[in-house]
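Residue numbers for the sequence shown follow our numbering, beginning at -2 and rising by one.
Don't be surprised by glycine CBs; every beta carbon is placed ideally from N, CA and C.
Please read these numbers as outputs of a predicted model, since none were measured by experiment.
Data block below; observations after.
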Amino acid sequence: MTSELEHREISAPRVGKFNVYIQGDLKRCNFKILTVHDLGCNHTSWFNFINHESMEEIQKRAAFIHIDIPGQEDDAPALPPEDEKEPDPSVK
C-alpha cells in the first residue's frame, strides 16, 4: 500500500520556515500521528516505514504528519562546523 505525501511549508516565529509532509487524509482518518525523524534523516524515513506492508492496517485508520527539522530537509545545505558558527547572543 502506497500513499502520497502532501507538502506544506510552515512558518514559526522562533524557528523560521520548515517543511511538513502529510501522509493520508486528515479529514477522513480517525487518528493523526505526528512524527519527527532521527538525526541525519527526514520525512522519507517515516514515509518508507509506514508504506511497509506490515503497516497496512494502521495506514487505513491513521494520517501521519511528518515534520522535517530545519536543516534536515531534502537538499539542505551542510551546517557549518561548531567552531565557525556565530555565538547566539540570547544564550548566557
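Which listed residue (the options) has its alpha carbon closest to that of residue i
i	options	result
Y18	M52, H34, P10 and S87	H34
Bridge partners - residue i, DSSP secondary structure assignment
i	result
K14	S8
8 Å Cβ shell around residue i - same chain, five flanking residues per side excluded
i	result
A9	F15
F28	R58, A59 and A60
E1	Q20
I7	K14, F15, N16 and V17
C26	R58, A59 and A60
I132	With the chain covering -2 to 89 only, the question about residue 132 has no answer from this structure.
Residue i to residue j span [Cα, whole Å]
i	j	result
N45	R11	30 Å
L23	P67	23 Å
I47	I62	12 Å
Close beta carbons around residue i, own chain, < 7 Å, minus the five adjacent residues each side
i	result
D70	It is Glu, not Asp, that sits at residue 70 in the sequence shown. N16 and N39, listed in sequence order.
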